[in-house]
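Please read the structure below before turning to the comments.
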Amino acid sequence: MKTFLQNFEYHLNRRPDSAAIVNAEQSISYCELADEISSVSKILGENQIQRLAISLTNSAAFICLDLAAVSSKITSITIPHFFTAFQIEHLLDNAGADAAVVATEHSTGAKFHNRKVVSARRLILFGKLHWLIRFVPIKPTKILPADALKISYTSGSTGQPKGVVICGSQVDKVITSLAASLNASDSDRHISVLPYSLLLENIAGIYTVLAAGGQCIVPKLSELGFSGSSSVDINQFIESVSGYQPTTMITVPALSQAIVIGIEQSGHKLESLRFIAAGGAPLSRAIIQKAQKLGLPLYEGYGLTEACSVVSLNTVSRNKIGSVGKPLDHAGVSISDDGEILVSGTLCAGYIDGNLAQDHHTCATGDLGHLDGDGFLYITGRKRTCYCTAYGRNISPEWVESELSAHPKISQAIIYGQGKTFNIAIIVPRGPISEDELKPAVASVNRQLPDYARISRWFLADEPYSVAN
């Protein structure tokens with residue numbers, strides 16, 4: 001992260017009193033942030049910490065700890081808030097964490113009940129109490145590359161989460177590439193509405209912003225209208241975001257759809273935003289078109305943790321709706337003979353429980369797609385989820401699911417039909433609705449699909465889909 005630290009130092013010296021972090025309670029200048037980073041780095045060094053787990057929600061404290069780890073060359077591991085106690089235990093063992101920071105001392109028992117605690121030290125970050133917990137790693141750990149910046153864990157929705165080793169030199173390349181593509185500057189105000197446990201928000205929402213001299217806006221998730229892992233009061237969200245007057249934001253498809261529908265129905269505006277990136281899953285072409293008609297600068301991108309987050313992105317000057325943009329300068333993309341997307345260039349150092357030698361030059365993504373004549377990348381499905389109907393037609397469910405979830409009455413959908421003569425959908429509606437009331441919505445989507453991809457039968461889900469369930 002040599003380039004990042006140099007850029008941060010440049011803006012610190014040039015504009016020390018300009019705001020680096022903003023939330024509802026305080027505005028923290030570059031100078032104040034640098035002082036706090038220096039103080040925390042000293043404490044981490046005194047405790048000889050090598051691998052630091054961070055168990056915090058989005059906050060100024062998280063940013064400070066993350067950057068203190070960067071400046072001290074300590075490998076950090078962010079604990080996703082939705083991980084179960086069993087998954088957290090696996091993460092700590094797998095990563096070989098020797099310390100963790102938590103918001104309250106009471107949370108240590110639930111999160112680290114099998115850890116042999118060496119010490120628990122009070123840690124004041126921007127006036128708020130946190131705890132630095134040191135413990136003995138249970139299992140022997142593997143030697144990480146000297147440049148290991150992070151161990152980033154996948155969602156763990158099936159089986160145990162995998163730890164991906166991310167190196168600082170690679171992240172530097174991503175930051176530089178992103179900043180150039182987005183024309184990032186010190187006038188940018190980025191609002192983080194996704195958790196920092198997502199590598200994308202960590203890289204694009206903290207590092208890229210501060211490297212350009214901009215502001216990180218860090219509201220509490222409850223302030224934005226979020227409750228639980230999959231519910232949001234979209235009117236509160238729009239109102240809260242609007243109050244901060246951000247210039248950039250990153251979303252996921254479900255949130256993008258909710259924002260578009262919320263603005264369409266309420267007439268509210270988010271006029272300060274110059275760029276909204278959406279990624280993580282397929283986004284319906286109809287939603288992007290509707291967003292741009294409403295004046296929302298929504299652009300789809302693509303990436304994966306193994307490729308250090310962002311691979312391709314549509315931008316204001318290079319945009320094709322339906323694609324996920326052109327590969328950025330740091331990434332190379334090719335297509336295998338069977339249609340799989342292969343990524344080269346800036347890659348991770350491997351999995352913590354696999355081969356950590358960075359001797360591979362290409363990442364097989366498991367995603368299916370193609371490049372058009374202008375170099376734009378299109379995603380058509382997942383190699384492992386594509387199924388074949390009784391009539392021999394191959395269907396990528398992500399395609400049909402994105403069309404269903406683009407309808408104003410449908411929030412989420414899963415389809416299947418392997419070996420069947422028809423496709424079945426399990427649908428999460430947007431608000432209370434009966435199956436009979438849902439019929440016109442499904443019929444409307446079916447009219448846009450070829451006959452072999454249409455939904456013949458459907459059921460209402462008992463609850464929204466989330467990582468937890």
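Numbering of the sequence shown is given in my numbering, commencing with residue 1 and proceeding in unit increments. C-beta: ideal position from N, C-alpha, C; glycine also.
Residues of its chain near residue i, where Cβ-Cβ distance is below 7 angstroms and the 5 sequence neighbours each way are ignored
{"i": "ALA286", "result": "ALA406"}
{"i": "ASN94", "result": "GLY163, ILE352, ASP353"}
{"i": "ARG393", "result": "TYR452"}
{"i": "SER119", "result": "ARG134"}
{"i": "ILE472", "result": "Within the shown structure, residues of the chain are numbered from 1 to 469, placing residue 472 beyond reach of any answer."}
{"i": "SER444", "result": "HIS407"}
From the options, residue whose alpha carbon lies closest to that of residue i
{"i": "ILE426", "options": "LEU404, GLY332, ALA461", "result": "ALA461"}
{"i": "TYR196", "options": "VAL218, LEU273, ASN423, PRO429", "result": "VAL218"}
{"i": "PHE135", "options": "GLY96, THR154, VAL311", "result": "GLY96"}
{"i": "ASP147", "options": "ILE54, LEU91, GLN50, ASN202", "result": "GLN50"}
{"i": "CYS167", "options": "ILE63, THR305, SER55", "result": "THR305"}
{"i": "GLU435", "options": "ILE410, THR380, SER169, THR421", "result": "ILE410"}
{"i": "LYS150", "options": "SER185, ARG189, LEU198", "result": "LEU198"}
Through-space distance from residue j to residue i, alpha-carbon basis
{"i": "VAL241", "j": "VAL260", "result": "14 angstroms"}
{"i": "THR174", "j": "ILE433", "result": "Per the sequence presented here, residue 174 reads as Val, with Thr not at that position. If you take the alpha carbons of VAL174 and ILE433, they lie about 44 angstroms apart."}
{"i": "GLY156", "j": "VAL165", "result": "Summary for GLY156: the model assigns pLDDT 46, below 50, so the residue's position carries little reliability, and this model does not support an answer."}
{"i": "HIS207", "j": "TRP458", "result": "Inspection of the sequence shows that residue 207 is occupied by Tyr rather than by His. Between TYR207 and TRP458, the C-alpha separation is close to 44 angstroms."}
{"i": "GLU89", "j": "HIS268", "result": "44 angstroms"}
{"i": "THR251", "j": "GLY280", "result": "9 angstroms"}
{"i": "SER59", "j": "LEU65", "result": "10 angstroms"}
{"i": "ALA61", "j": "LYS220", "result": "12 angstroms"}
{"i": "ARG447", "j": "GLY431", "result": "23 angstroms"}
{"i": "ASN13", "j": "ILE124", "result": "25 angstroms"}
{"i": "ALA277", "j": "ASP338", "result": "29 angstroms"}
{"i": "THR470", "j": "ALA34", "result": "Only positions 1 to 469 of the chain appear in this structure, which leaves residue 470 out of reach."}
{"i": "VAL171", "j": "ILE203", "result": "8 angstroms"}
{"i": "SER177", "j": "THR346", "result": "11 angstroms"}
{"i": "ALA20", "j": "ARG121", "result": "27 angstroms"}
{"i": "SER334", "j": "THR3", "result": "28 angstroms"}
{"i": "GLN289", "j": "THR104", "result": "45 angstroms"}
{"i": "ILE238", "j": "SER256", "result": "11 angstroms"}
{"i": "TRP131", "j": "SER55", "result": "10 angstroms"}
{"i": "SER187", "j": "VAL22", "result": "14 angstroms"}
Contact set for residue i: own chain, Cβ-Cβ below 8 angstroms, skip 5 residues either direction
{"i": "ASP372", "result": "LYS320, SER323, TYR378"}
{"i": "ALA24", "result": "PRO219, LYS220, GLU223"}
For residue i, the three-state DSSP class (helix, strand or coil)
{"i": "PHE8", "result": "helix"}
{"i": "ALA443", "result": "helix"}
{"i": "ASP93", "result": "helix"}
{"i": "ILE143", "result": "coil"}
{"i": "SER465", "result": "The question names Ser, but residue 465 in the sequence shown is Tyr. Note: TYR465 maps to coil in three-state DSSP."}
{"i": "ILE79", "result": "coil"}
{"i": "LEU460", "result": "strand"}
{"i": "GLY127", "result": "coil"}
{"i": "TYR196", "result": "coil"}
{"i": "GLY322", "result": "coil"}
{"i": "GLN50", "result": "coil"}
{"i": "ASN314", "result": "coil"}
{"i": "ALA454", "result": "The identity of residue 454 in the sequence shown is Arg, whereas the question assumes Ala. Coil."}
{"i": "LEU429", "result": "The sequence shown places Pro at residue 429, rather than the Leu named in the question. Strand at PRO429."}
{"i": "ILE217", "result": "strand"}
{"i": "SER396", "result": "coil"}
{"i": "ASN423", "result": "strand"}
{"i": "ILE21", "result": "strand"}
{"i": "ALA413", "result": "strand"}
{"i": "LYS116", "result": "strand"}
Cβ-based burial, residue i [other Cβ within 10 Å; buried from 16]
{"i": "THR75", "result": "buried"}
{"i": "GLU401", "result": "buried"}
{"i": "HIS330", "result": "buried"}
{"i": "LYS42", "result": "exposed"}
{"i": "THR84", "result": "exposed"}
{"i": "HIS370", "result": "exposed"}
{"i": "ILE143", "result": "exposed"}
{"i": "VAL117", "result": "exposed"}
{"i": "ASN469", "result": "exposed"}
{"i": "VAL316", "result": "exposed"}
{"i": "GLU300", "result": "buried"}
{"i": "SER169", "result": "exposed"}
Residues near residue i by beta carbon distance below 6 angstroms, same chain, minus five either side
{"i": "LYS383", "result": "GLU340, GLY366, LEU368"}
{"i": "ARG318", "result": "LYS326"}
{"i": "GLN236", "result": "GLY225"}
{"i": "ALA413", "result": "GLU401, LEU404, SER405, ALA425, ILE427"}
{"i": "LEU210", "result": "PHE8"}
{"i": "CYS31", "result": "PRO16"}
{"i": "VAL70", "result": "MET1"}
{"i": "CYS388", "result": "ASN394"}
{"i": "THR154", "result": "PRO161, LYS162"}
Residue i beta carbon near the ligand MN (any heavy atom closer than 8 angstroms)
{"i": "SER242", "result": "Among the components of this structure there are no ligands whatsoever, and the ligand MN is therefore not found."}
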